[in-house]
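Asks: So for the sequence shown, UniProt numbering puts the first residue at 1; every next one is plus one. Glycine included, C-beta positions come from ideal geometry on N, C-alpha and C. From a predicted model like this one, the values you see are computed outputs, not experimental measurements.
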Amino acid sequence: MNPALQFGQADPDSDYRLRPAVFGLVFHDEKIACVRVTRDTPYYDLPGGAVDGDETETQALIREFVEETGMTVRPLHRIAEAGQFFRKSDGDPVNNVGGFWIAERLALDPARKIEADHELVWLHPRTALAELRHDAHAWAVAKWLRR
């Protein structure tokens with residue numbers, strides 16, 4: 001599975017595990033939903049993550065939004081696909097490959113969020129372009145802005 005667009009620099013001495021993934025763009029009051037992840041060095045991501053087992057991208061996106069933000073979403077349409085080489089917080093080298101979806105916010109219940117180190121934040125899209133950790137995420141936001 002080779003994406004049409006690949007972001008990040010692969011370390012030639014590392015074996016990057018293919019990790020099917022999906023991320024969502026939800027807009028509200030001219031801002032985009034992001035997650036601020038508080039680990040050694042805090043960073044911003046689009047909500048989303050790995051597609052588990054037999055899940056579809058849309059099933060994974062719905063699950064990931066609830067786990068990371070407490071938000072229930074409805075995926076509307078897939079706007080892009082890209083890969084992103086990176087090292088997870090445990091050092092595991094992975095290549096996230098998958099879709100970026102526009103999704104609709106249906107409900108928000110912070111009590112449903114289970115990832116304690118993730119916090120829902122609403123960023124202006126131009127701020128998100130500068131702050132998102134992964135180039136693939138910033139590219140997806142830029143693609144949406146240029147629609």
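Counting only the same chain and skipping the five closest in sequence on each side, list residues whose C-beta sits under 6 angstroms from that of residue 35.
Replies: If we look at residue 35 and ignore the five residues flanking it on each side, its Cβ neighbours are 45, 47, 68, 118.
Asks: So is residue 88 buried or exposed if we call it buried at 16+ other beta carbons inside 10 Å?
Replies: It is exposed - the Cβ of residue 88 has fewer than 16 other Cβ atoms within 10 Å.
Asks: If we call anything under 7 angstroms between Cβ atoms a contact, is residue 39 one with residue 94?
Replies: Not closer than 7 angstroms, so no.
Asks: What did DSSP end up calling residue 62 once you bin it into helix, strand or coil?
Replies: Residue 62: helix per DSSP, three-state reduction.
Asks: Could you please give the first and the last residue of the uninterrupted beta strand (DSSP E) stretch that includes residue 76?
Replies: Residue 76 -> beta strand (DSSP E) spans 71–87.
Asks: Which term fits residue 84, buried or exposed, when burial requires 16 or more other beta carbons within 10 angstroms of its beta carbon?
Replies: Looking at its Cβ environment, which holds 16 or more other Cβ atoms inside 10 Å, residue 84 is buried.
Asks: Report yes if the C-beta distance between residue 3 and residue 81 is below 7 angstroms; otherwise report no.
Replies: Yes, these two residues count as a Cβ contact at 7 angstroms.
Asks: Let me confirm a value: residue 91 is counted as buried when at least 16 other C-beta atoms fall within 10 Å, else exposed. Which label applies?
Replies: So residue 91 counts as exposed.
Asks: Once you ignore the five residues that flank residue 14 on each side, which residues in its own chain have a CB closer than 7 angstroms to its CB?
Replies: The residues are 93.
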